[in-house]
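One structure below.
Protein chains: 2
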Amino acid sequence: MKEKQLDLVFQALASEARRYVMDVVRDSPGCTVADVSLHFEMSRIGVLKHINCLENAGLIVSLKNGRERQLYVNLAPLQVIHERWSDQYRSFWASRLTGLKRAVEQAEEK
Amino acid sequence: MKEKQLDLVFQALASEARRYVMDVVRDSPGCTVADVSLHFEMSRIGVLKHINCLENAGLIVSLKNGRERQLYVNLAPLQVIHERWSDQYRSFWASRLTGLKRAVEQAEEK
DNA sequence: ACTAGAAGTAACCAAATGGTTACTTATACG
DNA sequence: CGTATAAGTAACCATTTGGTTACTTCTAGT
């Protein structure tokens, strides 16, 4: 995955409203923009922008069906990120704070 | 983890520069702000702000050591996010696009 | 005590984000 | 055909973000 794409995914998830959209769409796949906006206080256009942001990041996929747009979550980007990190940080997971712990111990010795 | 905290973590990671800071600090634990800023074109203050942003999100931890500040990565927030999402989406991982696939098939029937 | 170097703060600026209202387009349906 | 409804576009505004330069503070070392 390209860095720009990573930016989009993380940026998309960095909003409680958008994470909530993900929850809603995951729980009622095929729902419409209007359906989703029922769950929010904000204007329909506000919600639309959040949905578009998620779609732009690849986290939501949609199908035009007549005058409606049906929404689905797409977890592929999350899986890619997850794999990338598990790779990059594999040796760190076991002892996440090892470096810090050592430093703290050194600091305490003084 | 609180929603605000999630915002901070995702927001922090939604920047190539900050992800790169994470890489640098992970690869040389205990390095200083000045050390990190050597890896960048931008001004030291620019880098400092990125580091503070990461620290604020809990992804970087630092220890004051004399006039220096030593930096360490902290993967705990990542682990929390990872666990939360694998829980929430557990039943979806296996067939990530199931909902969408069904919809596409239905669409194709028409 | 003095100086130099690491870090932090303040003020500023341009661009991006998150929301609004008003208007337009396209489609379903009586 | 005509109308109501789902979606999308445009323009606008306030706030946040991402960077800068200039200045300040603290500490190490001579």
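So the sequence lines, in the order shown, correspond to chains A and B.
Start counting the first sequence at 295; every next residue gets the next number (the numbering used here).
Start counting the second sequence at 295; every next residue gets the next number (the numbering used here).
C-beta atoms are modelled at their ideal positions from N, C-alpha and C, and glycine is treated no differently.
Just so you know, these numbers come straight off a predicted model, no measurement behind them.
- Gln299/B has a beta carbon lying at 8 angstroms or more from every beta carbon in chain A.
- At a cut-off of 3 residues, the continuous stretches assigned as beta strand (DSSP E) that sit fully inside the region 338–388 of chain A are 354–359, 362–367.
- DSSP places Glu297/B inside the alpha helix (DSSP H), whose first and last residues are 297–307.
- Taking 8 angstroms as the CB threshold, His333/B stays off the interface with chain A.
- At a C-beta separation below 9 angstroms, Glu310/B has these neighbours in chain A: Glu297, Lys298, Leu300, Asp301.
- Closest option to Gly360/A, judged by alpha-carbon separation, among Lys343/A, Thr326/A, Ile339/A, Leu372/A: Thr326/A.
- For Met316/A, the enclosing alpha helix (DSSP H) starts and ends at 310–321.
- For Leu302/B, the closest of Cys347/B, Val319/B, Glu335/B, Leu365/B by C-alpha to C-alpha distance is Cys347/B.
- Of Trp379/B, Leu372/B, Glu349/B, the smallest CA-CA separation from Tyr366/B is found for Glu349/B.
- One thing to note: Asn368/B has its Cβ no nearer than 8 angstroms to the Cβ of Ile345/B.
- Under the three-pair Cβ rule at 8 angstroms, the region 307–317 of chain B counts as touching the region 334–344 of chain B.
- In this structure, the CA atom of His376/A is about 11 angstroms from the CA atom of Glu377/B.
- The contact set of Arg320/B on chain A, defined by CB atoms closer than 9 angstroms, consists of Gln382, Tyr383, Phe386, Gly393 in chain order.
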